[in-house]
Amino acid sequence: MANENFIDYIKIFCHSGKGGVGSAHLARSARTPKGGPDGGDGGKGGDVIFKGNKNLWTLLHLRYTKHIFAEDGENGQQNQRFGRQGKNAVVEVPLGTIIKESETEEIIGEILEDGEEIVAMQGGRGGLGNVHFKTATFQTPRFAQPGEPGAEGWLTLELKVLADVGLVGMPNAGKS
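Going by the working numbering, the first residue of the sequence shown is number 578, and it counts up by one from there.
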């Protein structure tokens, strides 16, 4: 039976957060019964980030983690309050990890130093509130932008294993 305590290749599905919807609220109060637009912007969706950790030696901790999701941004609110940004999904990987897109085999990045971060998938931008669409002739816009969707796809993590010792010598010289 093979020992499976060392994993150097893994495929995972990642999904960054979508942006929050902008608010289309109109200001109303006792003093200003016909107030203008005051809708805030939606929050940005969370990113999928890979971070180098010098204390990890294998991708074993990701063995049963096949899906990684970042948090969505919150919707905009009244009184020009922005929605909260979504939390990033930070995945710690050992040094020497290569991150690739699974379909195209395009290299996104390589983690070489402790604490180095690579943003593999950007979160969606939050939608604009109706305050941004107010003009001199159109003073009460009753619409706002939706948030942009987040990126998603399969990524491949491949760990390069570097040797600590190398043997140099002539062929058939007994280097075993």
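A virtual CB, placed ideally from N, CA and C, is assigned to each residue, including glycine.
The structure presented is a predicted model; accordingly, all values stated were derived computationally and were not measured.
Phe627 has its alpha-carbon roughly 11 angstroms from the corresponding atom of Leu672. For the 7 angstroms CB-CB criterion, Gly629 and Ile685 do not form a contact. For Gln654 and Val625, the gap between their C-alpha atoms comes out near 26 angstroms. In this structure, Thr635 and Leu734 do not form a Cβ contact; the two beta carbons are roughly 11 angstroms apart against a cut-off of 8 angstroms.
DSSP places Leu732 in the uninterrupted beta strand (DSSP E) bounded by 729 to 736. DSSP, reduced to helix, strand and coil, places Val598 outside both helices and strands of the structure shown, so it counts as coil. Apart from the 5 residues on each side of it in sequence, Thr681 has no Cβ closer than 7 angstroms to any other Cβ in its chain. In chain order, Gly623, Asp624, Ile626, Ala647 place their CB closer than 7 angstroms to the CB of Asn665, counting only its own chain and leaving out the 5 sequence neighbours on each side. If you draw a straight line from the Cα of Thr642 to the Cα of Asp618, it is about 33 angstroms long.
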